[in-house]
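Peer 1:
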Amino acid sequence: MKHLSKTVGIIGGMGPSATVDLFQKIVQHTPAAADQEHVKILIYNNPQIPPRSLDAISPLPELIRSATLLEQAGADFLIMPCHTAHLWYEEIKKSITIPFYSMIENTAQALLEKYPQQVEILLLATSTTLHSGLYQKALNRTSVKLFTPTLEQQKVVDQAIKHVKAGRLPNKPLQDLQQLLVDYQKEGGSAVLGCCTEIPLMFPYFQVDMDLLDPTLMLALLAIHKAM
């Protein structure tokens, strides 16, 4: 196996469970036969980063602090397992000198490779991510057409995310979200995109016959590729 020479830096803590999920997926999908063949990873799990919301205290200072700390610690490139935090991606990128790979761009690229023909996908994310249009812009005028939940359905999504962040799995909102997905499948839906890093943590509980698309796994595979 090729020597792994680069160190991955992970801006974590948004939330901690999602950070663990990314770390675990990097380990699980690295083609290693011994400890020494795994990827070198620096994780700054900073749960003090303020909520990623446009109507609250800006998370940018803590995000920049996390990024610069990882660079100073020896990371060769950075990734960030939080979709909403990519609203501040450009500002973070300007604060460091090492590469910083976008989870949004990586997810969009992976989807276009998987679905070269026209496809319709249900986008599950935080309200802030939806309203910001991060994914709608990234996939505009491509083969991937995104559907977003109604206002009432989004309340279910946000509640489920909130419960996962609180460490409650399974939970009642998750059951409501499961019903939402069942209804979507009955209407002909074939794929769901989990664009809040807490959503793939719910995937094992969903009983639907659809593609459950995991951007955290896509990011893990990118990190392994870049580290090699």
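Here the working numbering is used: the first residue of the sequence shown is 41, the next is one more, and so on.
Idealized CB from N, CA, C, for every residue including glycine.
(1) Taking 6 Å as the limit between beta carbons, can you name the residues of its chain near Ile144, skipping five residues before and five after?
(2) Does the beta-carbon of Asn86 have 16 or more other beta-carbons within 10 angstroms, so that it is buried, or is it exposed?
(3) Leaving out the 5 sequence neighbours to the left and right, which residues in its chain are closer than 8 Å to Lys202 when beta-carbon positions are compared?
(4) Under 7 Å from any heavy atom of the ligand NAP, does the C-beta of Asp75 make it?
(5) To the nearest angstrom, report how far apart Met41 and Thr59 are at their CA atoms.
(6) Please state whether DSSP places Asp251 in a helix, a strand or coil.
(7) What does a CB cutoff of less than 7 Å around Val197 pick up in its chain, not counting 5 residues either side in sequence?
(8) For chain D, check one thing: does any of its Cβ atoms lie closer than 8 Å to the Cβ of Ala107?
(9) Using DSSP with H/G/I as helix, E/B as strand and the rest coil, what is Leu209?
(10) Are Arg105 and Met54 touching if we call contact CB-CB under 8 Å?
(11) Per the contact definition of three or more C-beta pairs closer than 8 Å, is the segment 129 to 140 in contact with the segment 152 to 168?
(12) Quick check: the Cα distance between Tyr245 and Glu227, rounded to an integer number of angstroms?
(13) For the candidate residues Asn146, Ala148, Phe117 and Pro210, whose alpha-carbon lies nearest to that of Ala140?
(14) What do you reckon, are the CB atoms on Ser98 and Leu241 nearer than 8 Å?
(15) Helix, strand or coil, according to DSSP, for Ile239 in the structure here?
(16) I'd like to confirm the pairing. Which residues does DSSP put opposite Ile138 in its beta bridges?
(17) By DSSP's criteria, Val48 is part of a beta bridge. Which residues make up the other side?
(18) Taking the Cβ atom as the reference point for each residue, do Pro210 and Ser183 lie within a distance shorter than 8 Å?
(19) Quick check: the Cα distance between Gln215 and Gln225, rounded to an integer number of angstroms?
(20) In three-state DSSP terms, what is Met41?
(21) What does the alpha-carbon distance come out to for the pair Gln76 and Leu94?
(22) State the DSSP-derived secondary structure class of Phe187, mapped to helix, strand or coil.
Peer 2: According to the structure shown:
(1) Listed in chain order, the non-local C-beta contacts of Ile144 below 6 Å within the same chain comprise His126, Leu174 and Ala178, local neighbours out to five positions each way being set aside.
(2) Buried.
(3) The residues are Pro213.
(4) Among the components modelled here there is no ligand, and therefore nothing to report on the ligand NAP.
(5) The pLDDT assigned to Met41 is 46, lower than 50, so where the model puts this residue is not dependable; a value taken from the coordinates is nonetheless given after this. Each residue's Cα considered, the two are about 27 Å apart.
(6) Three-state result, Asp251: strand.
(7) Counting only Cβ-Cβ distances below 7 Å, and skipping sequence neighbours, we find Leu164, Pro189 and Leu217.
(8) Note that chain D does not occur in the displayed structure, where there is just one protein chain.
(9) Of the three classes helix, strand and coil, the one that applies to Leu209 here is coil, per DSSP.
(10) Going by C-beta atoms, Arg105 is not nearer than 8 Å to Met54.
(11) No: the two stretches stay apart, fewer than three of their Cβ pairs being nearer than 8 Å.
(12) C-alpha separation (whole angstroms): 21 Å.
(13) It is worth fixing the name first, because residue 140 is Phe in this sequence and not Ala. Phe140 has its Cα closest to that of Phe117, out of Asn146, Ala148, Phe117 and Pro210.
(14) No. Outside cutoff.
(15) Shown here, Ile239 sits in a helix according to DSSP, grouped into three states.
(16) DSSP output for Ile138 lists no bridge partner at all.
(17) Beta-bridge pairing links Val48 to Ile81 and Phe117.
(18) In this structure, Pro210 keeps its C-beta atom at 8 Å or more from the C-beta atom of Ser183.
(19) Gln215 and Gln225: Cα-Cα distance of roughly 15 Å.
(20) Confidence is the limiting factor: at Met41 the pLDDT is only 46, short of 50, which leaves the residue's position unreliable, though a coordinate-based value still follows. Met41: coil per DSSP, three-state reduction.
(21) Between Gln76 and Leu94, the alpha-carbon positions lie close to 42 Å from each other.
(22) Here Phe187 sits in strand by DSSP.
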